[in-house]
Amino acid sequence: MSGLRILVPIKRVIDYAVKPRVNRAQTAVETANVKHSMNPFDELSIEEAVRLRERKVPVSEIVAFSAGPPKSQDILRTAMAMGADRGIHVVVEDKDPQLEPLGVAKLLKKVVDEQKSNLVILGKQSIDDDAAQTGQMLAGLLNWPQATQASKVQVEGETVTVTKEVDGGVETVRAKLPMIITTDLRLNEPRYASLPNIMKAKKKPLEKKTLKDYELDAAPRLKTIKVTEPPPRKGGVKVEDVDGMISKLKELGAL
Amino acid sequence: MEISGFTQEQLDVREAVSKICSKYPDEYWMEHDNSGEYPHDLHKDLAKDGWIGIALPEDLGGAGLGISEATMMLHTIAESGAGIAGAQSIHANVYATQPVAKFATPEQRRHMLPDLISGKTRTCFAVTEPNTGLETLKLRTFAKRDGDSYLISGQKIWISSAQVATKMVLLARTTALEDVKKPSEGLSLFFIDIDKAAPGIELKRIKKMGGRAIDANEVFFDNFRIPADTLIGKESQGFKIVLYGMNAERCLLAGEALGIGYAALKRATDYARERNIFGRPIGQNQGIQHPLASAYMHLEAAKLATYHAAKLYDNSGIDSSITQHAVGIACNSAKYLAAEAAFTACERAVLTHGGMGYAQEYHVERYLREVFVPRIAPVSREMIMNYIGEKALGLPRSY
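Top line first, the protein sequences correspond to chains A and B. What the first sequence shows, in full-length UniProt numbering, is residues 1 to 255, in sequence order. What the second sequence shows, in full-length UniProt numbering, is residues 1 to 399, in sequence order.
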């Protein structure tokens, strides 16, 4: 085997620290003039791919991929500054129909075929839609094994062992390459891009493509009817002391 | 702050540096200001990721970017709550090394700069003397040739970070003032090691108003021996050489002022939005709102002046239509405007907080104490007025 060919799909989302607001027409979350960054779970994916290489696992290539507006190239540059070798950007303008998880999974399948990837590391979900479906759908379309919510990844030859966090404990699974891994929060702590690497990333190849290049029918299947903000939180009650709190909890039926 | 209009490089710098600084919140700086303990961790983190060398050549391990990006870096550090203290913990390493990188021999550069970029060593910058503050050409500290060495005697003051630095960029006289033929000659620039245990050097820490985590010192030299090969450029040309770093320093200071100004304004507006009195947030009152709106506009204007000056500085090397005259006027104006805008923002932030503004835990009093640094240093407001009156307006020299 010549080494892992890792594909890391990443998404540009509203920064996790920003409080999202629904637009006036209640059709979507307001994205204009809002700070965007790489989906935090995708940072974990890039970091893990880079760490595999640093752990001397044979990695022949790490490709970062994103489908999204022209600004998505910023997060691809970030990914390359963190250590990805090159980037592929499928430009989907904001005015174009937006991709749904199945559309993304179909697109990724074509990218996997084209790039001859044998390991795809995805965030387990993106923090904007929280769909948490793409990795699983891609595994289905490719008919590859999948290990979701990884908290540890070990590669030995063709064998990949993944520890995943599940309700009530951890589960360890093993599969042969090629495979799909989705990442969870405790997998690693993503690095900050260093200045020399930011500079180097500017020179790494970034390929621009369109959905047409992949001859993909990714028309949305869902229609968003309405987006609303959660009801404002009601104020709490103050109690005098611990006894007061316990009797209040009993009164509310919580104890 | 409005960020549209910055270059992608500047935005990348802002993003990456603010991530590092997010590990050091306002509380960290408040504690260090109280204890006087040096913020070594921030310097270490920034050095590890290559930020010290932002404006130094790539062949030495730097990033080869310009003062436009370095200004954004210091602006971002100050704006994170680190204030002038945080910025000062690294800024001499950024600007005082500019003349070294430009005028040192290839061998000197290789010997002097890579360790500094990697964070292994740190430098301080020693120009000012007790009796010759702004009158740089009258400096008295003397470097006397003695075989393969120079012997340094004299006194420097306001030397920041000298307690933690092991290197020093030193401007000293090599020709006695009476023997100088051209007024701009007679001074020489050295990049030296300072071993504080060695004979002939003594440091005395100065107690000061703000930025107390960063030591400022009086440095006394008494026949302190330095090797002759620490001379940068030609003997007697030190003033011209050091000027190369001074306009850069003005830009960086302007950026630091902007950072602390925007930080203060953010705290003021957050507080004005949340503080309710007489049944409404105080920020709904025009008496509170208008001074903050005005502070914002002044910061924005100063921001344009600052990044304009940095751009002129960077482009003057490649575009012969940009004169040093224009660069000097732009950099001095930017430093003045940014410091005054930032001072106004800090003062109004304290006043917006009312009594709480006087309490350390709201941080704006610390900003207000620190914002005097860019107002006073590296050149006073009055000297900038003198300079602009003479150089930009063509009025008779007033000093």
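Built from N, CA and C at the ideal position, the CB exists for glycine as well. These figures come from a predicted structure and were not determined experimentally.
What's the call for I318/B, buried or exposed, on a 16-neighbour Cβ count within 10 Å? Here the question's residue 318/B lines up with position 318 in the second sequence. I318/B is classed as exposed because its beta carbon has fewer than 16 other beta carbons within 10 Å across all chains shown.
I need the straight-line Cα distance from L102/A to R369/B, nearest angstrom please. Locating residue 102/A in the first sequence gives position 102, counting from the first residue. Locating residue 369/B in the second sequence gives position 369, counting from the first residue. A straight line joining the alpha-carbon of L102/A with that of R369/B spans about 57 Å.
When DSSP labels each residue in this structure, what does A197/B get in the three-state scheme? By 1-based counting over the second sequence, the position of residue 197/B is 197. Looking at A197/B - three-state DSSP - the assignment turns out to be coil, as it is neither helix nor strand.
Ranges of the alpha helix (DSSP H) found wholly within the segment 342-373 of chain B, counting only runs of at least 4: Taking 4 residues as the shortest admissible run, the segment 342-373 of chain B contains the following complete alpha helix (DSSP H) segments, listed from N- to C-terminal end: 364-370.
Best match in V160/A, L185/A, G157/A, Q154/A for proximity to V166/A [C-alpha to C-alpha]: In the first sequence, the residue the question calls residue 166/A occupies position 166. Distances from the alpha-carbon of V166/A to those of V160/A, L185/A, G157/A, Q154/A put L185/A closest.
What are the boundary residues of the alpha helix (DSSP H) that Q286/B is part of? For the purposes of this step, residue 286/B is taken as residue 286 along the second sequence, with counting starting at 1. Residues 286-315.
Can you tell me whether DSSP reads R381/B as helix, strand or coil? Position 381 of the second sequence, counted from the first residue, corresponds to residue 381/B. Helix.
Can you list, in chain order, the stretches of the alpha helix (DSSP H) that have 4 or more residues and sit fully within the segment 85-163 of chain A? The qualifying runs are 101-115, 134-142.
Could you please tell me which residues of the segment 69-81 of chain A, in chain order, have their CB closer than 7 Å to any CB of chain B? Correct list: empty, as no residue qualifies.
Take K120/B and list the residues in its own chain whose beta-carbon comes closer than 7 Å to its own, dropping the five residues that flank it on each side. Counting from 1 along the second sequence, the entry for residue 120/B is found at position 120. Cβ within range, chain order: n/a, list empty.
Cβ distance (whole Å) where G68/A is taken to contact K11/A below 8 Å: Here residue 68/A is taken as the residue at index 68 of the first sequence, counted from 1. Here residue 11/A is taken as the residue at index 11 of the first sequence, counted from 1. Indeed, because the Cβ distance is near 7 Å, the residues count as touching under 8 Å.
Taking contact to mean at least 3 C-beta pairs separated by less than 8 Å, is the segment 238-250 of chain B in contact with the segment 260-267 of chain B? Because the criterion of three Cβ pairs below 8 Å is not met, the segment 238-250 of chain B and the segment 260-267 of chain B do not touch.
Let me know the beta strand (DSSP E) ranges lying completely inside the segment 183-231 of chain A, each 3 residues or longer, listed in chain order. Here the runs fully enclosed are 206-209.
Is the segment 61-78 of chain B close to the segment 87-101 of chain B, with three or more CB pairs under 8 Å? Taking 8 Å as the limit for Cβ pairs, the verdict is that the segment 87-101 of chain B does touch the segment 61-78 of chain B.
8 Å Cβ cutoff, L195/A in contact with chain B: For this step, residue 195/A is matched to residue 195 along the first sequence. True, the Cβ-Cβ gap to chain B drops below 8 Å.
Can you give the Cα-Cα distance for M246/B and Y95/B, rounded to whole angstroms? In the second sequence, counting from the first residue as 1, residue 246/B sits at position 246. In the second sequence, counting from the first residue as 1, residue 95/B sits at position 95. Taking the straight line joining both Cα atoms gives about 8 Å.
Stretch-stretch touch, CB-based, cutoff 8 Å, three pairs: the segment 217-228 of chain A with the segment 21-32 of chain A: Yes, the segment 217-228 of chain A is in contact with the segment 21-32 of chain A.
Of the residues that make up the segment 34-63 of chain B, which ones have a beta carbon closer than 7 Å to any beta carbon in chain A? Per Cβ criterion, the list reads D49, G50, W51, I54, A63.
Three-state secondary structure assigned by DSSP to K391/B: On the second sequence, residue 391/B is found 391 positions in, with the first residue counted as 1. K391/B: helix per DSSP, three-state reduction.
DSSP puts S66/A in a beta bridge; with which residues? Translated into the one-based positions of the first sequence, residue 66/A becomes position 66. Paired residues: H89/A.
Determine whether the Cβ of K167/B lies closer than 8 Å to any Cβ atom of chain A. Translated into the one-based positions of the second sequence, residue 167/B becomes position 167. At a cut-off of 8 Å between beta carbons, K167/B makes no contact with chain A.
Grab me the residues of L56/B's own chain with a C-beta within less than 7 Å of its C-beta, minus the 5 sequence neighbours each way, in chain order. On the second sequence, position 56 is the one that residue 56/B refers to. Sequence-distant Cβ neighbours of L56/B in its own chain, meaning closer than 7 Å and more than five residues away, are G62, T97, A101, L113, I117.
Cross-strand partners of Q237/B (DSSP beta bridge): The residue you call residue 237/B lines up with position 237 of the second sequence. Q237/B is bridged to L187/B.
Beta-carbon neighbours of M199/A, restricted to chain B and to distances below 7 Å: Taking the first sequence and counting its residues from 1, one reaches residue 199/A at position 199. Within chain B, the residues near M199/A are A63.
Per DSSP, what are the beta-bridge partners of G169/A in this structure? As a working mapping, residue 169/A is identified with position 169 in the first sequence. DSSP output for G169/A lists V166/A as bridge partner(s).
Taking just the CA atoms, how far does K250/A sit from E240/A? Counting from one through the first sequence, the residue named residue 240/A turns up at place 240. Counting from one through the first sequence, the residue named residue 250/A turns up at place 250. Their backbone Cα atoms lie some 15 Å apart in a straight line.
In the DSSP assignment, find the beta strand (DSSP E) that holds V8/A and state where it starts and stops. For this step, residue 8/A is matched to residue 8 along the first sequence. According to the DSSP assignment, V8/A belongs to the beta strand (DSSP E) that extends over 4-9.
Could you name the residues of the same chain whose beta carbon sits closer than 7 Å to that of L265/B, not counting the 5 residues immediately before and after it, in chain order? Numbered from its first residue, the second sequence carries residue 265/B at position 265. Hits under 7 Å: L292, A295, Y296, L299, A345, A349.
Keeping to the same chain, check which residues put their C-beta closer than 7 Å to that of I306/B; ignore five residues upstream and five downstream. For the purposes of this step, residue 306/B is taken as the residue at position 306 of the second sequence. Reading off the sequence, residue 306/B comes out as Thr, not Ile. The residues are T71, C251, A254, G255, L258, A334, A338.
Check each residue of the segment 9-20 of chain B: if its Cβ is closer than 7 Å to any Cβ of chain A, include it; give the result in chain order. Listed by position, the residues of the segment 9-20 of chain B near chain A (Cβ gap below 7 Å) are D12, A16, K19, I20.
Sorted by chain position, which residues of the same chain lie with C-beta nearer than 6 Å to A342/B's C-beta, five sequence neighbours on each side aside? Translated into positions along the second sequence, residue 342/B becomes position 342. Excluding sequence neighbours, A342/B sits near A257, I260, G261, V371.
Give the DSSP-derived three-state secondary structure of Y16/A in the structure shown. What you label residue 16/A is simply residue 16 of the first sequence in a count that begins at 1. The answer is coil: DSSP assigns Y16/A none of H, G, I, E or B.
Proximal chain B residues relative to Y214/A, where beta-carbon distance stays under 9 Å: One-based indexing of the first sequence puts residue 214/A at position 214. Here the premise fails: no neighbours, minimum Cβ distance about 28 Å.
Pick out whichever of L139/B, M385/B, G133/B, S184/B has its Cα sitting closest to the Cα of C331/B. Stepping through the second sequence from its first residue, residue 331/B is reached at position 331. The shortest C-alpha separation from C331/B is found at M385/B.
Would you verify that the beta carbon of Y192/A is, or is not, closer than 8 Å to some beta carbon of chain B? Along the first sequence, one-based indexing puts residue 192/A at 192. Interface criterion met: the Cβ of Y192/A is under 8 Å from a Cβ in chain B.
Counted within 10 angstroms of its Cβ, other Cβ atoms place T141/B as buried (16 or more) or exposed: Here residue 141/B refers to the residue found at position 141 when the second sequence is read from its first residue. Result: buried.
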